[in-house]
Amino acid sequence: MSEISDLPIEVTEAPAGEPVLQPSDLVGDVTFGSNAVPEGESRAQRLHRIRHSTAHLMAEAVVSLFPTAKVATGPSIEHGFYYDFDLPRTLTPEDLEEIERRMKKVAKRGMPFQKATMPIAQARELFEKAGQSYKVEVIDTIQEKQNPTEVTLYRQGAFVDLCAGPHVSSTSRLKHTKLTKVAGAYWRGDSNRPMLQRIYGTAWETQEDLDAYLQFLEEAKKRNHKRLGEELDLFHFHKESPGAAFWTPRGFTVVQSLQKYWRELGDRRGYQEIWNPLLYKKDLYVRSGHYEHYKDDMFIIHQEDTEYCLKPMNCPDTFLYYTSKRRSFRELPLRIAEGGILHRNELAGALNGLFRVRQFMQDDAHIFITEAQVQSEIAEVLDIVKEVYSLFGLSYEFTLSTRPEKFMGEPAVWDQAEADLRAALDGGGTVYAVDEGGGAFYGPKIDIKVNDCLGRKWQCATVQLDFQQPINFDMGYTASDNSRQRPIVIHRAVFGTFERFMGVLLEHTAGVLPTWMSPVQAVVVPISDKSTDYAFEVLAKLKAAGLRAEVDDRNEKMNLKIREAELRKTPYMIVVGEREAELGTCSVRTYKDGPRGAFEVSAIVAEIADKVKTREFDVKITPLRSFDNEDEAPVETESEY
RNA sequence: GCCUACGUAGCUCAGUAGGUAGAGCACUUCCUUGGUAAGGAAGAGGUCACCGGUUCAAAUCCGGUCGUAGGCUCCA
């Protein structure tokens with residue numbers, strides 16, 4: 283029956299489970315016609331066609347290896363495809379190799395993809411008879427949602443699948459592919475439904491593209507922030523506190539440089555910082571609604587008869603500050619920052635380096651405003667976002683999320699708020715997407731995502747309007763007419779969390795931090811211990827300028843010291859020998875530009891101090907190529923609004 | 001939380017017909033005083049994640065726990 287069933291099967295155990303017919307056994311009287319491929323497709327469309335077809339090719343190989351396999355769904359995704367299977371046993375790495383071998387064989391043989399159309403009822407019967415219960419469920423969903431009279435099937439070789447297409451003309455187009463990983467995936471993404479086995483693969487038009495992509499994955503691995511954190515001695519993780527970063531002296535220096543900037547920025551932009559407790563009786567969160575909606579994500583401590591919570595966010599306790607006294611309209615906008623330590627009990631399997639942690643610190647702030655101040659204050663916050671991300675050469679995108687189906691408050695207030703958000707975005711000339719119905723139940727929001735070196739998007743900044751908490755906390759202010767009014771709250775974070783932002787920044791720069799953030803901004807390297815005294819003289823001048831510098835006076839050769847400073851990505855390496863000591867100069871080498879020759883000590887101290895003061899982004903960014911849009915330039919390093 | 005894989009020296013890793021552990025880097029000491037990415041020698045360092053089981057014998061086989069990675073789910 284199977285085109286490839288004559289291949290040697292290297293399965294040692296007999297697959298268990300109910301025997302399942304394959305649709306290919308049942309379509310004898312169905313006529314499959316040719317599968318026309320249109321002219322003038324974009325590259326993205328061609329890749330989609332190839333990847334989706336490769337998913338079918340893989341399913342054919344899996345079914346030939348496991349005759350009792352049930353197939354679920356197999357779409358194309360960015361850079362490749364996956365297909366979900368219900369299999370009699372778990373897959374091993376050897377299985378993947380065997381599946382890939384079989385795929386290659388069929389690709390080489392060049393089996394045509396053919397298309398057939400049939401009434402949906404007939405298709406349902408066919409897949410039912412074949413025992414392909416997942417496909418039957420898919421058909422039922424199609425019936426429910428679209429209610430078409432007919433559906434299409436595609437066939438290549440021994441494999442027939444319910445599919446809307448499109449596909450390539452022949453499996454001979456599917457030669458540049460590699461299976462990358464196997465993972466569990468819930469059927470229909472529902473954690474209450476069976477877990478299937480998902481095989482991921484990547485597929486390309488040419489071998490060159492495939493090779494380039496695999497190389498990209500290698501490069502991305504090198505830029506992984508966990509690896510960089512280890513290499514640059516910035517942070518560690520320990521099982522004694524899973525999901526929480528342990529910052530080293532070097533790493534903490536970097537974080538503090540960020541926080542120092544954050545505080546200066548807040549000061550300049552009219553924010554006041556408060557500092558509140560970490561631990562609260564549960565009453566606070568009952569009042570804010572978190573206890574009801576967010577309890578599973580909170581760390582809860584029982585102390586004698588009282589239940590305490592480690593705070594998962596700053597809002598409720600900031601509101602306690604707001605309501606601690608009578609407020610006047612003259613105080614608004616009242617901008618209150620709090621970078622409290624937060625704990626969220628994230629699922630163990632969701633933890634991911636600095637990107638997803640259980641303990642973190644946000645550059646959080648809550649702004650209390652009148653309805654009339656929405657637009658101007660949002661514009662002000664967006665301006666801060668632009669300032670901050672531009673400082674790091676990060677590209678980003680805005681999304682406006684509007685009123686969801688379930689919402690609190692008056693539709694008219696929502697409409698006005700959304701119009702204000704749009705006006706603020708439009709006013710800044712900002713390009714943004716709209717996620718209709720994607721807002722929080724308490725108010726619309728603007729999400730800001732940054733792009734990392736892997737092309738992944740990370741949500742760091744968020745700006746949210748909140749009409750609900752002012753009610754929960756009975757916030758008010760006295761208006762000019764002496765009436766009592768309700769303020770609106772803006773929740774905003776720009777870095778998001780310092781942890782995640784550090785992770786994104788490290789991957790973005792491949793670990794090369796700008797001078798102003800570097801744990802050691804300059805290392806003075808004496809050529810021999812004859813020059814050590816002079817090296818310390820130079821060091822004193824660097825320190826006097828407020829710079830983070832040290833002398834490498836170990837009994838080692840200069841070459842080794844240079845090498846280690848380079849590996850640590852130290853921005854400035856200042857070499858001094860007897861010659862420099864005599865002339866009062868120093869020999870400068872930078873991480874960015876290499877050896878630069880002799881300088882007056884005072885000149886180079888001034889240069890470094892200036893870069894630190896202006897927070898110059900003196901980092902050469904080598905963006906990793908974007909693979910799916912050849913027409914597009916590589917990811918821009920300059921911010922684009 | 002679910003699926004799969006993994007857990008050997010501070011780090012990166014080797015160690016399969018079960019016979020009480022190795023390399024490189026880092027670290028310590030000594031020699032070396034060297035002009036822009038690794039000078040040389042010696043030494044020290046591990047209850048093989050933890051707990052239990054099988055066995056004369058377990059890093060190795062089995063079970064459990066914890067942690068990590070990649071997915072899934074979640075992400076006010």
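Sequential numbering from 283 applies to the first sequence in this note's numbering. We put the CB at the ideal spot given by N, CA and C, even for glycine. Bear in mind the structure is a predicted one, so any value in this text is a computation, not a measurement.
- As the crow flies, the alpha-carbon of Arg608 is around 7 Å from that of Tyr759.
- Of Arg774, Ala527, Phe755, the smallest CA-CA separation from Ser606 is found for Phe755.
- DSSP, reduced to helix, strand and coil, places Ala792 outside both helices and strands of the structure shown, so it counts as coil.
- Relative to the Cα of Gln698, the nearest Cα in the group Asp900, Ile809, Ile770 belongs to Ile770.
- Shortest Cα-Cα distance from Arg640 to any of Phe818, Phe409, Asp578, Trp696 involves Asp578.
- When the beta-carbon positions are compared, Pro476 and Asp368 come within less than 9 Å of each other.
- Within the same chain, Thr431, Glu432 come within 7 Å of Pro401 by CB-CB distance, once the 5 residues on both sides are set aside.
- Uninterrupted alpha helix (DSSP H) stretches at least 4 residues long and entirely within the region 503-534 occur at 507-513, given in chain order.
- Taking the C-beta atoms as reference points, Ile886 is found no nearer than 9 Å to Ile844.
- Per DSSP, reduced to three states, the secondary structure at Met784 is helical.
- Val805 counts as buried, since at least 16 other C-beta atoms from the protein chains shown sit within 10 angstroms of its C-beta.
- Distance check between Glu382 and each of Ser473, Ser335, Gly483 places Gly483 closest, using alpha-carbon atoms only.
- The Cβ neighbour count for Thr779, taken over all protein chains shown within 10 Å, is at least 16; the residue is labelled buried.
- Taking 4 residues as the minimum length, the alpha helix (DSSP H) runs contained wholly in the region 379-419 are 402-411, in order along the chain.
- The shortest C-alpha to C-alpha distance from Glu898 to any of Leu673, Thr372, Ala619 is the one to Leu673.
- When DSSP states are grouped into helix, strand and coil, Asp645 belongs to the strand group.
- In this structure, Pro796 sits away from Asp702, with a CB-CB distance that is not shorter than 9 Å.
- In this structure Tyr714 is in contact with Phe680, their Cβ atoms being roughly 4 Å apart against a cut-off of 8 Å.
- CA-to-CA, the gap between Pro594 and His625 works out to about 5 Å.
- Under the three-state reduction of DSSP, Asn634 is assigned to strand.
- Counting along the chain, Gln750 sits inside no beta strand (DSSP E), nor does DSSP assign it H or E at all.
- If you compare the alpha carbons of Gln803, Arg861, Ala494, Pro357 with that of Val833, the shortest gap goes to Gln803.
- For Leu339, the secondary structure class from DSSP, reduced to helix, strand or coil, is helix.
- Pairing Gly866 with Glu882 gives a Cβ-Cβ distance under 9 Å.
- Out of Glu662, Ala831, Pro801, the CA that lies nearest to the CA of Ala775 is found in Glu662.
- The distance from the Cβ of Ser683 to that of Lys739 is about 15 Å, inconsistent with a contact at the 8 Å cut-off.
- By the Cβ test, the region 334-346 is in contact with the region 354-368, since at least three Cβ pairs between them sit closer than 8 Å.
- When the five nearest sequence neighbours on each side are left out, the beta carbons in the same chain lying within less than 7 Å of the beta carbon of Ala526 are those of Val639, Arg640, Gln641, in order along the chain.
- Each residue's CA atom was taken as its position, placing Val319 and Phe441 some 20 Å apart.
- Going by DSSP, Glu889 is part of the alpha helix (DSSP H) stretching over 883-896.
- Within the same chain, and ignoring the five residues on either side of Lys851 in sequence, the residues whose Cβ sits closer than 8 Å to its Cβ are Leu514, Gly793, Val794, Leu795, Ser800, Tyr873.
- For the pair Lys508 and Leu499, the Cα-to-Cα distance works out to about 15 Å.
- For His625, the enclosing beta strand (DSSP E) begins and ends at 623-625.
- Scanning the region 539-619 from its first residue to its last, the whole beta strand (DSSP E) runs of 3-plus residues come out as 561-563, 582-585, 588-592.
- Distances from the alpha-carbon of Ala827 to those of Glu848, Arg782, Ala891, Val820 put Ala891 closest.
- Shown here, Leu478 sits in a strand according to DSSP, grouped into three states.
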